[in-house]
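Participant:
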Ligand SMILES: NC(=O)c1ccc[n+]([C@@H]2O[C@H](COP(=O)([O-])OP(=O)(O)OC[C@H]3O[C@@H](n4cnc5c(N)ncnc54)[C@H](O)[C@@H]3O)[C@@H](O)[C@H]2O)c1
């Protein structure tokens, strides 16, 4: 049995029924924590995501709104560590900034405040590469400035990072923030703004229809496999590193055109892309993470290649479609 800071600890995971959160809980359980409390209102997460651990006696799942401050305070008062992952997606923030303010800003403040009050040993905060907007440098180091971000979501994530930083300096609250790039894998959101294209193309492969690329397919992303992201989160708790923000990407820049080629190849498909005019202007045309800092301070290296990850994603998605049809 592994024996470390997680062993015997109580850990709160907000958003633990979600895509990344559910993998994180699986990885944490390997280290025998005393208790994992999950708060999730299932607006995006699901019981299905948690099927590998929902019956585990160490897991307490609370189906509730993380914006319920009294509940949040109670859960934090019973915890040693906090992962704050509950958030609205980028397009949901744009559609409803009032609600987004509560979830992304006010509740993040509550997490910091209660964590200080109950002497939480470390908060691990899910930020995003969205803080960069269109970055200045590629690969993008953590020192790139966030002033090109144009989204509420990115603004809220930046606030969160800076808030925890101020709580570290005012009160000594230890924290680590992660700027994930384009996370993908089984259980992923099937209509997320940046990654939805993978699911659309898998649908085309399944239906044997030529997949559509809007624009010339030159937009690039840095796709990182979800289990690697979960492992980075575990490493942050185990290490003594504090007061740092880390990029979590794969350090591989992949254009949409190239992504589609790989997806067709690994699925033995002879389909051909159809290029149509783009109907939207994408303000973020490139993404590529510099991952040096996460390696140097957390010994984190992404392990799953894009080809391996896409095979796992395809298998999961095709099985999901098959069972839905039955
Ligand atoms: N997936 C990505 O590519 C990506 C990239 C950058 C950052 N992130 C961040 O990582 C974290 C996890 O993202 P994910 O991809 O797993 O998304 P997700 O939507 O699957 O997970 C978020 C979870 O939070 C829950 N939630 C949202 N609002 C809530 C509320 N008010 N009360 C209780 N629960 C609530 C949702 O039901 C969901 O299960 C988020 O903070 C997200 O902003 C994700």
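Residue numbers (my numbering): 1238 to 1563. The beta carbon of each residue, even a glycine, is placed where N, CA and C say it ideally should be.
Does the distance from the C-beta atom of residue 1380 to that of residue 1367 stay below 8 angstroms?
Facilitator: Here residue 1380 refers to the residue found at position 143 of the chain shown. Here residue 1367 refers to the residue found at position 130 of the chain shown. Result no, Cβ atoms of residue 1380 and residue 1367 do not sit closer than 8 angstroms.
Participant: Look up residue 1318 in the DSSP assignment and give the residues it is bridged to.
Facilitator: Along the chain shown, read from residue 1 onward, the residue named residue 1318 stands at position 81. In the DSSP output, where bridge partners are listed per residue, residue 1318 has 1248, 1359.
Participant: Would you decide whether residue 1292 is buried or exposed? Buried here means 16 or more other CB atoms lie within 10 Å of its CB.
Facilitator: Here the question's residue 1292 lines up with position 55 in the chain shown. Looking at its Cβ environment, which holds fewer than 16 other Cβ atoms inside 10 Å, residue 1292 is exposed.
Participant: Between residue 1258 and the rest of its own chain, which residues show a CB-CB distance below 6 angstroms, the 5 nearest in sequence each way excluded?
Facilitator: Position 21 of the chain shown, counted from the first residue, corresponds to residue 1258. So the list reads 1250, 1252, 1322, once near-sequence residues are dropped.
Participant: Given this structure, state the Cα-to-Cα distance separating residue 1265 from residue 1471, to the nearest angstrom.
Facilitator: Here the question's residue 1265 lines up with position 28 in the chain shown. Here the question's residue 1471 lines up with position 234 in the chain shown. Cα to Cα, the separation comes out at about 7 angstroms.
Participant: Taking the runs of the alpha helix (DSSP H) that are 4 residues or longer, which of them lie wholly in the region 1316 to 1404?
Facilitator: For the region 1316 to 1404, whole alpha helix (DSSP H) runs of length 4 or above, ordered along the chain, are 1327 to 1332, 1334 to 1337, 1344 to 1354.
Participant: Do residue 1391 and ligand 1 come close, with the Cβ less than 7 angstroms from some heavy atom?
Facilitator: Along the chain shown, one-based indexing puts residue 1391 at 154. Residue 1391: no, Cβ never under 7 angstroms from ligand 1.
Participant: Which ranges would you report for the beta strand (DSSP E) in the region 1470 to 1534 if only whole runs of at least 3 residues count?
Facilitator: Whole beta strand (DSSP E) segments, 3+ residues: 1481 to 1485, 1511 to 1513.
Participant: Quick one, which of 1536, 1277, 1513 has its alpha-carbon nearest residue 1453's?
Facilitator: Looking up residue 1453 in the chain shown gives position 216. That would be 1513, whose Cα lies nearest to the Cα of residue 1453.
Participant: Tell me which same chain residues have a C-beta within less than 7 angstroms of the C-beta of residue 1327, skipping the five on either side of it?
Facilitator: Position 90 of the chain shown holds residue 1327. Once the five neighbours on either side are set aside, the close Cβ partners of residue 1327 are 1367, 1388, 1390, 1430.
Participant: Leaving aside the five residues before and after residue 1284 along the sequence, list all residues of the same chain whose C-beta is less than 6 angstroms from its C-beta, in chain order.
Facilitator: Reading the chain shown from its first residue, position 47 is the one you call residue 1284. Closer than 6 angstroms at Cβ, skipping near neighbours: no residue.
Participant: Name the two residues that bound the continuous alpha helix (DSSP H) containing residue 1262.
Facilitator: For the purposes of this step, residue 1262 is identified with residue 25 of the chain shown, where counting begins at 1. Residues 1256 to 1266.
Participant: Is it the case that the CB of residue 1484 approaches a heavy atom of ligand 1 more closely than 7 angstroms?
Facilitator: Here residue 1484 is taken as the residue at index 247 of the chain shown, counted from 1. No - ligand 1 has no heavy atom lying nearer than 7 angstroms to the Cβ of residue 1484.
Participant: Could you tell me the distance, in whole angstroms, from the CA atom of residue 1345 to the CA atom of residue 1457?
Facilitator: Here residue 1345 is taken as the residue at index 108 of the chain shown, counted from 1. Here residue 1457 is taken as the residue at index 220 of the chain shown, counted from 1. In a straight line, the C-alpha of residue 1345 is about 30 angstroms away from that of residue 1457.
Participant: Work out the CA separation of residue 1407 and residue 1459 for me, nearest whole Å.
Facilitator: In the chain shown, the residue the question calls residue 1459 occupies position 222. In the chain shown, the residue the question calls residue 1407 occupies position 170. Straight-line Cα distance between these residues: approximately 35 angstroms.
Participant: Starting from the C-beta of residue 1378, find all residues in its chain whose C-beta is less than 6 angstroms away, skip the five residues before and the five after it, and write them out in chain order.
Facilitator: In the chain shown, counting from the first residue as 1, residue 1378 sits at position 141. Excluding sequence neighbours, residue 1378 sits near 1527.
Participant: Between 1353, 1340, 1525, 1277, which lies nearest to residue 1489 when the distance is taken from Cα to Cα?
Facilitator: In the chain shown, residue 1489 corresponds to position 252, counting from 1. Checking every option, the nearest Cα to that of residue 1489 belongs to 1525.
Participant: Secondary structure at residue 1413, three-state DSSP: helix, strand or coil?
Facilitator: By 1-based counting over the chain shown, the position of residue 1413 is 176. Of the three classes helix, strand and coil, the one that applies to residue 1413 here is strand, per DSSP.
Participant: Buried or exposed for residue 1307, please, with buried defined as at least 16 other CB atoms from any protein chain shown within 10 angstroms of its CB.
Facilitator: What you label residue 1307 is simply residue 70 of the chain shown in a count that begins at 1. When all chains shown are included, residue 1307 counts as exposed.
Participant: Since residue 1453 is in the alpha helix (DSSP H), which residue starts that stretch and which ends it?
Facilitator: Numbered from 1 along the chain shown, position 216 holds the residue referred to as residue 1453. First-last for residue 1453: undefined, no H or E at that position.
Participant: Across which residues does DSSP place residue 1242 in a beta bridge pair?
Facilitator: On the chain shown, residue 1242 is found 5 positions in, with the first residue counted as 1. None; residue 1242 has no bridge partner.
Participant: Under DSSP, the beta strand (DSSP E) around residue 1419 begins and ends at which residues?
Facilitator: Counting from 1 along the chain shown, the entry for residue 1419 is found at position 182. Unbroken beta strand (DSSP E) run through residue 1419: 1419 to 1421.
Participant: Using 8 angstroms as the Cβ pair cut-off and three pairs as the minimum, do the region 1411 to 1431 and the region 1347 to 1362 touch?
Facilitator: Touching, yes.
Participant: Is the beta carbon of residue 1302 within less than 7 angstroms of some heavy atom of ligand 1?
Facilitator: Along the chain shown, one-based indexing puts residue 1302 at 65. It does: the Cβ of residue 1302 is within 7 angstroms (strictly closer) of some heavy atom of ligand 1.
Participant: Report yes or no: is there a C-beta of chain B within less than 8 angstroms of the C-beta of residue 1478?
Facilitator: Although the question refers to chain B, the structure presented lacks it and comprises just one protein chain.
Participant: Is the region 1542 to 1559 touching the region 1433 to 1451, taking contact as three or more C-beta pairs under 8 angstroms?
Facilitator: Contact holds: three or more Cβ-Cβ distances are below 8 angstroms.
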